[in-house]
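S.K.: Here it is, the structure, as structure tokens.
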Amino acid sequence: MRLLLLGPPGAGKGTQATGLATRFGVPHVSTGDMLRFAVAWEAEIGLRAKSFMDAGELVPDEIVLELIRLRLAQADAGVGFVLDGFPRTVPQAEALEQILTETAQRVEHVVQLDVPDELIVLRISQRRSCQTCGRTYNLMAERPRSDEVCDVDGMPLYQRADDHEDVVAKRLQVYRRQTQPLIDYYEAKGLVRRVEGVGSLEEVEERIAKEIE
Ligand code: AMP
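In this note's numbering, the protein residues as written are 1086 to 1298.
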């Protein structure tokens, strides 16, 4: 299973990717999570990426490609992956194709999650994330068992700096300008399936699974 999840910020890519990765027994690979960990650990890549992330802009391709190349070379990704948040530009998609071709692999499915703008803004404003494991919650729809801490590891939850309203507007703009052209790129390859991203976590997962199985 080599699946890409596309969609605007707040479409539920991370949540769905976690469920689908478990369902299909492949790793969930999120460049956003990898970058946030690199920032938290003050790794060199994180220091280079932080100002772009805080401003809601895309991190330069060479940084993201360095991370993804290393990640996809790990043994667990040999059986496949669910990619979340990558690729985000056509040059990244071309680079991914090249990386996969080197090991005789290819992208098999591309799912575009459709969610109306009003819901995106609402979802992101209610999102809280675990600083340690990266798991996300929604204060309305998917609350943690105890208000301020993660169900998985009991660590404090926080609101991502780029989930604040002013940065969200910028991220949506960046998505429309730089990431939407990817849909045409994959549509030309006949890979794109559109899935309605509104509904419960389980409903959306079933819709995706039905499209790709
Ligand atoms: P995400 O968690 O996918 O919403 O990503 C959070 C932020 O990380 C984005 O707003 C970008 O600044 C950066 N980022 C994540 N993935 C990529 C990517 N594939 N290309 C460039 N920047 C990325």
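Note that beta-carbon positions come from the ideal geometry of N, C-alpha and C, so glycine has one too.
Find the nearest neighbour of R1228 within the set M1086, R1212, Q1258, judged by alpha-carbon distance.
M.R.: For the purposes of this step, residue 1228 is taken as residue 143 along the sequence shown, with counting starting at 1. Out of M1086, R1212, Q1258, R1212 has the C-alpha closest to the C-alpha of R1228.
S.K.: With DSSP as the reference, label P1093 as helix, strand or coil.
M.R.: By 1-based counting over the sequence shown, the position of residue 1093 is 8. Coil at P1093, not helix or strand.
S.K.: Thinking C-alpha only, which one of L1198, Y1222, Q1216 is nearest I1209?
M.R.: Position 124 of the sequence shown, counting from 1, holds the residue named residue 1209. Minimum Cα distance to I1209 is reached at Y1222.
S.K.: Can you find a heavy atom of ligand 1 that lies under 7 angstroms from the Cβ of L1105?
M.R.: In the sequence shown, counting from the first residue as 1, residue 1105 sits at position 20. No, since every heavy atom of ligand 1 falls outside the 7 angstroms radius drawn around the Cβ of L1105.
S.K.: To which residues of the same chain is L1242 closer than 7 angstroms at the C-beta, ignoring the five residues directly before and after it?
M.R.: In the sequence shown, the residue the question calls residue 1242 occupies position 157. The answer, listed in chain order, is R1213, S1214, C1215, Y1222, P1229, E1233, V1234, C1235.
S.K.: So, for F1137: in the same chain, excluding its five sequence neighbours on each side, which residues have a beta-carbon less than 6 angstroms away from its beta-carbon?
M.R.: Numbered from 1 along the sequence shown, position 52 holds the residue referred to as residue 1137. Hits under 6 angstroms: V1144.
S.K.: Any chance the CB of R1032 is under 7 angstroms from a heavy atom of ligand 1?
M.R.: Residue 1032 falls outside the range modelled here, since the chain spans only 1086 to 1298, and no answer is possible.
S.K.: Comparing alpha-carbon positions, which option in L1224, F1166, S1115 lies nearest F1109?
M.R.: Position 24 of the sequence shown holds residue 1109. Measuring from the Cα of F1109, the nearest candidate turns out to be F1166.
S.K.: Of the residues G1275, T1107, V1289, which one's Cα is nearest the Cα of E1281?
M.R.: Here residue 1281 refers to the residue found at position 196 of the sequence shown. Among G1275, T1107, V1289, the Cα nearest to that of E1281 is on V1289.
S.K.: Can you determine whether any heavy atom of ligand 1 sits closer than 7 angstroms to the C-beta of S1285, and answer yes or no?
M.R.: In the sequence shown, the residue the question calls residue 1285 occupies position 200. No - ligand 1 has no heavy atom lying nearer than 7 angstroms to the Cβ of S1285.
S.K.: So R1173 packs on T1264, CB below 8 angstroms; how close in whole Å?
M.R.: To locate residue 1173, count along the sequence shown from 1; it is residue 88. To locate residue 1264, count along the sequence shown from 1; it is residue 179. R1173 to T1264, Cβ: 5 angstroms. Contact.
S.K.: Checking 8 angstroms against the spacing of the C-beta atoms, do L1088 and V1252 come in under that value?
M.R.: One-based indexing of the sequence shown puts residue 1088 at position 3. One-based indexing of the sequence shown puts residue 1252 at position 167. No, the pair does not count as a contact, with Cβ atoms beyond the cut-off.
S.K.: Between G1170 and ligand 1, is there a pair consisting of the residue's CB and a ligand heavy atom that are separated by less than 7 angstroms?
M.R.: For the purposes of this step, residue 1170 is identified with residue 85 of the sequence shown, where counting begins at 1. G1170: yes, Cβ under 7 angstroms from ligand 1.
S.K.: With a threshold of 16 other CB atoms inside 10 Å of the CB of R1121, please say whether the residue is buried or exposed.
M.R.: In the sequence shown, residue 1121 corresponds to position 36, counting from 1. Answer is buried; the Cβ neighbour count reaches 16.
S.K.: Answer with yes or no whether the minimum CB distance from E1179 to chain B is below 8 angstroms.
M.R.: Absent from the structure is chain B; it holds one protein chain and no more.
S.K.: Hey, how far is the Cα of P1201 from the Cα of A1096?
M.R.: Start at 1 with the first residue of the sequence shown, and residue 1201 comes out as number 116. Start at 1 with the first residue of the sequence shown, and residue 1096 comes out as number 11. Distance between the alpha carbons of P1201 and A1096 is about 9 angstroms.
S.K.: So for D1251, helix, strand or coil by DSSP?
M.R.: In the sequence shown, the residue the question calls residue 1251 occupies position 166. Three-state DSSP puts D1251 in a helix.
S.K.: How far does the alpha helix (DSSP H) with T1217 in it extend, from its first residue to its last?
M.R.: The count along the sequence shown starts at 1 and reaches residue 1217 at position 132. Note, T1217: premise wrong, no alpha helix (DSSP H); not H, not E.
S.K.: Going by C-alpha to C-alpha distance, which of H1113, E1142, Q1258 sits closest to C1218?
M.R.: Mapped onto the sequence shown, residue 1218 falls at position 133. Of H1113, E1142, Q1258, the residue nearest in Cα terms is H1113.
S.K.: Spatial neighbours of L1185 within its chain, please: C-beta separation below 6 angstroms, excluding the five flanking residues on both sides.
M.R.: Within the sequence shown, the letter at position 100 stands for residue 1185. Taken in chain order, the residues that qualify are R1191.
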